[in-house]
Amino acid sequence: KVSQKYTGIIEDCCCDFETVDSINGEVLHPLLKELVTTPFFRYFKVKLGCHCPFWPEDGMCRLRDCSVCECPENEFPEPFKKNFHPALLSTDFMCQEGKSQASVDRTVDNGAFRGWVETDNPWTNDDETDNDDMTYVNLQINPERYTGYSGPSARRIWDAVYTENCPKYPAGEIFQEKKVLYKLISGLHSSISIHIGAEYLLHEVTNQWGENPELMNDRVLRYPDRVQNLYFTFLFVLRSVMKAANYLEHAEYNTDNNKEDMKSHSLVKQLVHNSKLQAACPLPFDEAKLWQGQSGPELKQTIQMQFKNISSLMDCVGCEKCRLWGKLQILGLGTALKILFSVDDKSNRSEPFQLHRNEVIALLNLLNRLSESVKLVHEKADMIENIVHTV
Ligand code: FAD
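Heads up: the sequence shown is residues 64 to 454, going by UniProt numbering.
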């Protein structure tokens, strides 16, 4: 027996595995899955150029599925289209994944962000300045899945993330905050691995895609700590979304498509004011326990710096599609950290926080990715048990 269902309280959280599996399967996953298909949530603004500050010579991954299909013009929401410049489109551009609607729209327009202020995120290192490097990507046609990116380049990033920026804490570590950073990154790493296993290129010649449960088992399921960390990260991000409920409820989800925008708004409301969720797991993570001791402010600065470094490392990911999802998910985590810890260091008063449109998109797409991984872990734990039993 190599794997089993996980039960009991999730370490450092306020809910157990069974409750999370049930509320995720019944309520959260269906809502999030639908939400991320709406126009507001499926376009992500990103700089995909490789501006790696650490290893500038790093090569790009060559496998075709590493490439990102950018937004075809006809799909782009109207408010994003102001100053649209056809000359910027390459008519004969063929998406590297071979999809037909692959012409690249690199138009960036501040008008698309009306109603949303430009704000700095103290946890991340993203440069949101509009220029030719900035583009909008349709996340729906660029799913996070197996790309073939591996070897020294991928290993170097994960090594730098863990050894330099969030070392695994020793058993008995008393600083909860140091544990939190490690667990968030490890949980995200588990989620990425689960998605690689969920959509794997089984046969390159015939382009046959499918599940690779052995990979999910080898990389995640058989490690109780990696599974715990995935659930922890999910609950941490979920808590941030619940904490920002009022803000998210009153935000403007405008893509000039009334019907779809009303749907985005309604789904967000159903998510953030969900009575079933509030009854089952009212406080998924208790952020009030952190940064309390004498060393709190100093610790916060150190951890903020480490998270910023991790954010910069995403520019060194040598595969475009991995970089897209790496940047999105680190921005999502940075946004969760900003929501949970948007406290003025000196006065210790809560500041009214502002979120940038891209932060909201990243936050909810991250939550959806984590929710899907949690669902897959829950389902595959059984499946792998059965495979092993029948061998
Ligand atoms: P890796 O996943 O590279 O792990 C390296 C080491 O980290 C392991 O040996 C282990 O010691 C440790 N480790 C592994 N998992 C955990 C965990 N959950 N918690 C703590 N420690 C852990 N590849 C794709 O195919 N598609 C993608 O979308 C994709 N996105 C990526 C995004 C980023 C930001 C990065 C850095 C890489 C991405 N990759 C992606 C590559 C992928 O993550 C692996 O690096 C690659 O598949 C090689 O896997 P591996 O078996 O060598 O182990």
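Glycine included, C-beta positions come from ideal geometry on N, C-alpha and C. Because the structure is a prediction, the values reported are computed rather than measured.
- Ligand 1 has a heavy atom closer than 7 Å to the beta-carbon of S253.
- For V437, the CB stays at least 7 Å from every heavy atom of ligand 1.
- As computed with DSSP, N201 is found in a beta bridge with Y106.
- Of the residues L301, R219, V90, P287, the one whose Cα lies closest to the Cα of E74 is P287.
- W272 is bridged by DSSP to L264.
- Assignment of beta-bridge partners to I72 by DSSP yields D79.
- Annotated three-state conformation of G250 is helix, per DSSP.
- Bounds of the alpha helix (DSSP H) holding F370 are 359-376.
- S253 sits buried, since 16 or more C-beta atoms from the chains shown fall within 10 Å of its C-beta.
- Under the Cβ criterion (8 Å, minimum of three pairs), the stretch 431-440 counts as touching the stretch 79-91.
- Shown here, N317 sits in coil according to DSSP, grouped into three states, outside any helix or strand.
- Assigned with DSSP and collapsed to three states, K231 falls in coil, not helix or strand.
- The C-beta of P206 has fewer than 16 other C-beta atoms within 10 Å across all chains shown, which makes the residue exposed.
- In this structure, L433 sits away from A399, with a CB-CB distance that is not shorter than 8 Å.
- Taking 8 Å as the cut-off, the beta carbon of P116 is found no closer than this to the beta carbon of T318.
- Set against 7 Å, the gap from the CB of C385 to the closest heavy atom of ligand 1 is smaller.
- In the three-state reduction of the DSSP assignment, R208 falls in the coil class, being assigned neither a helical nor a strand state.
- Closest option to L430, judged by alpha-carbon separation, among F299, Q417, L362, Q369: F299.
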